[in-house]
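This report refers to the structure that appears directly beneath it.
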Amino acid sequence: MNDRNALAQGLAAAYTDGAVSLPYALLRSYRSLKLTDTECMMIIQLMAYRQLEQNEFPTMEQLQVRLGASPDGIGHAMQKLVKNGFVSIDEVVDPNTGVQAERYNLNGLYQKIAALLAAGELPLGGPEPDDSSAPRRGSDRPIPAAATAEPNLFSVFEQEFGRPLTPMEVETINGWMDNDGYPNELILFALKESVFAGKLHFRYIDRILLEWSRNRVTSVDDARAHAQKFRTGR
Numbered sequence: 001m002n003d004r005n006a007l008a009q010g011l012a013a014a015y016t017d018g019a020v021s022l023p024y025a026l027l028r029s030y031r032s033l034k035l036t037d038t039e040c041m042m043i044i045q046l047m048a049y050r051q052l053e054q055n056e057f058p059t060m061e062q063l064q065v066r067l068g069a070s071p072d073g074i075g076h077a078m079q080k081l082v083k084n085g086f087v088s089i090d091e092v093v094d095p096n097t098g099v100q101a102e103r104y105n106l107n108g109l110y111q112k113i114a115a116l117l118a119a120g121e122l123p124l125g126g127p128e129p130d131d132s133s134a135p136r137r138g139s140d141r142p143i144p145a146a147a148t149a150e151p152n153l154f155s156v157f158e159q160e161f162g163r164p165l166t167p168m169e170v171e172t173i174n175g176w177m178d179n180d181g182y183p184n185e186l187i188l189f190a191l192k193e194s195v196f197a198g199k200l201h202f203r204y205i206d207r208i209l210l211e212w213s214r215n216r217v218t219s220v221d222d223a224r225a226h227a228q229k230f231r232t233g234r
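Residues 1 to 234 in full-length UniProt numbering are what the sequence shown lists, from first letter to last.
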């Protein structure tokens, strides 16, 4: 009887601890969105932190504890979510204190789910089509090398920094590629230059890329010549 009472009390405590509201369409569509179980659960944890703990920017360590994954696994999962537009990071300023902070934005995820609905690829209700004969997508199995060629850029940065990249750093690299249009090889050469100068931080790398852009440096050969000219003072 005592065991039953303890169980009842435990269940009551669990129910009163709060509940997370999440789109049912997320659970039905995350495979179609090519999200792994880990990535989907990370999104759910972001929702939970926001709704129940008023924490809009949980740390990688907090997510690691919740998901029980390695630091590298958490870092790479977040990199993919940011890179593929499911999650973005907003910089906000508290109007009362003037303190600047970051928060995760899931609008990209909702837009992708809405696009599936609009295209008729995700029915509004009822069972999903039986696609058991089709290859499974979004699983946690290894991805072919051709599909992972681009993220190697992030891996090189992590190797040089000796740690997983933060979400803000991932977004910075994405901005260099997508917004500024810098080729991957040019970004890697800027990283190499920052290591050579002993100034391994993102602001310095960004300054290098900006300087090259101003001088119409568009290739590694151009960058190498520009760097040599700068070092010799000619």
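For glycine and all other residues, C-beta sits at the position ideal for the given N, C-alpha and C. Keep in mind that this is a model prediction, so the values were computed, not measured.
Anticipated Cβ contact below 8 Å, residue i with residue j, distance rounded
i	j	result
A190	I208	4 Å
L186	S219	7 Å
S21	Q54	About 15 Å separates the two Cβ atoms, so there is no contact after all.
V82	N174	6 Å
Residue interval of the alpha helix (DSSP H) (run including residue i)
i	result
N105	Careful: N105 lies outside any alpha helix (DSSP H), inside the beta strand (DSSP E) at Q100 to N105.
D206	F202 to R214
D72	P71 to K83
A197	N184 to A197
L172	Per the sequence presented here, residue 172 reads as Thr, with Leu not at that position. Its alpha helix (DSSP H) spans residues P167 to N174.
Buried versus exposed call for residue i [16 or more other C-beta atoms within 10 Å across all chains shown]
i	result
Q79	buried
R136	Unreliable placement is indicated for R136, whose pLDDT of 45 sits below 50; the coordinate value is still reported in the next sentence. It counts as exposed.
E193	buried
A227	buried
E171	buried
F157	buried
G42	A small correction: the amino acid at residue 42 is Met; Gly does not occupy that position in the sequence shown. With 16 or more other Cβ atoms within 10 Å, it is buried.
Three-way DSSP call (helix, strand, coil) for residue i in this model
i	result
E56	coil
D90	strand
V156	helix
G108	helix
V220	helix
K34	coil
A119	coil
R66	helix
Spatially closest choice to residue i from the options, by CA coordinates
i	options	result
N152	G98, H76, L26 and V92	H76
D180	Q111, I113 and W212	W212
E91	Y104, T166, V217 and V82	Y104
A25	N5, A114 and K83	A114
L35	L109, I205, G98 and A48	L109
L117	N5, D206 and S29	S29
G73	I43, V93, A48 and T38	T38
Q45	V93, L67 and L27	L67
L33	Q111, N5, P58 and E102	Q111
Range covered by the beta strand (DSSP E) that runs through residue i
i	result
S21	From DSSP, S21 is part of no beta strand (DSSP E); its letter is neither H nor E.
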